[in-house]
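Asker: Below are the structure tokens for one structure; questions will follow.
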Amino acid sequence: MKLKLSILLIVLLTARVFAQEEIFPIPRRAYVNMGISFQMWQREKAGLPVDQLALPISILIPLGRNLDLSISHTPAFSKQYKNQTIYGLSDTWVQGDYVFWNDKAMLNLGVGLPTGKTRLDSSQFELSKQLSKNIYQFQLPIYGQGFSGMIGLAMAFPVVDGVVIGIGGEYLYRGSYYPVKYNYGGKSINRIFDKRYTPGDEASGNIGVDIRIGENMKIMLDGIYTYYWND
């Protein structure tokens, strides 16, 4: 299947609460990032275009020298046919990052708040299946899910001069929610589909190596393994 990208436009607007310093790993100044993303995809020989206008918002608040709090949210408007549209809020992620061990380790704790749209009707559900395809890489592939929680740990340390090794792991808990709600059946039988769905949790581990070659070049090698529990 061949795909054609008709329009891809990304505009990033940054409104900083204070001027941000580029200090790794914890920013010392608070900031707010607001963006506008418009994407339109269409199959080359068949099918109507699928487009999405998204407004990603992220806020970062330093709470100390080694601790920060970030909030991310992405309202969006998506459309395929005249009667296939989804618009509204996404889920909201709140995450805290804590750096320790002389800035060589980072602990991540996050919660996903179910503020996004769920209980889609039949036409919205068909559109959501298009948005969630990895090949399209939409800014907001899924509007709403259930309550989620995440914990992660990453460490990085130099081995020899110019070579840094990093390892990390993450566990993601996914709560249950109601993905769709719509009527089905004939004229004499009309039923409502509205069942709770419980997605499987995820666990992942990764390892990476950074090799610096000169002052302006480096090679990065990364490997990731992810395990998915059954839904």
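Residue numbers (the working numbering): -16 to 214.
Backbone N, C-alpha and C define an ideal beta-carbon position, used for all residues, glycine too.
Does the region 132 to 142 come close enough to the region 110 to 123 that 3 or more CB-CB pairs lie under 8 Å?
Answerer: no
Asker: G145: which of G93, M200, G99, G95 sits nearest, CA to CA?
Answerer: What you label residue 145 is simply residue 162 of the sequence shown in a count that begins at 1. The shortest C-alpha separation from G145 is found at M200.
Asker: Between which two residues does the alpha helix (DSSP H) holding S106 run?
Answerer: As a first step, residue 106 is located in the sequence shown; it is residue number 123 there, counting from the start. Note, S106: alpha helix (DSSP H), 105 to 114.
Asker: Given that a residue counts as buried once 16 or more other Cβ atoms are within 10 Å of its Cβ, and exposed if not, what is M203?
Answerer: As a working mapping, residue 203 is identified with position 220 in the sequence shown. The residue is exposed, with fewer than 16 neighbouring Cβ atoms inside 10 Å.
Asker: Just grab the DSSP bridge partners of F130 for me.
Answerer: On the sequence shown, residue 130 is found 147 positions in, with the first residue counted as 1. According to DSSP, which records beta bridges pairwise, F130 is partnered with nothing at all.
Asker: Along the chain, where does the beta strand (DSSP E) that runs through D205 open and close?
Answerer: Locating residue 205 in the sequence shown gives position 222, counting from the first residue. Residues 201 to 211.
Asker: Per DSSP, which one or two residues make a beta bridge with Y180?
Answerer: Within the sequence shown, the letter at position 197 stands for residue 180. Answer is Y160.
Asker: By how many angstroms is the C-alpha of D205 removed from the C-alpha of G197?
Answerer: Looking up residue 197 in the sequence shown gives position 214. Looking up residue 205 in the sequence shown gives position 222. G197 and D205: Cα-Cα distance of roughly 20 Å.
Asker: Between R102 and Y161, how many whole angstroms is the CB-CB distance? I'm expecting something under 8 Å.
Answerer: Taking the sequence shown and counting its residues from 1, one reaches residue 102 at position 119. Taking the sequence shown and counting its residues from 1, one reaches residue 161 at position 178. About 5 Å; that satisfies the 8 Å criterion.
Asker: The beta strand (DSSP E) that contains D80, what's its start and end?
Answerer: Position 97 of the sequence shown holds residue 80. Counting along the chain, the beta strand (DSSP E) containing D80 begins and ends at 75 to 83.
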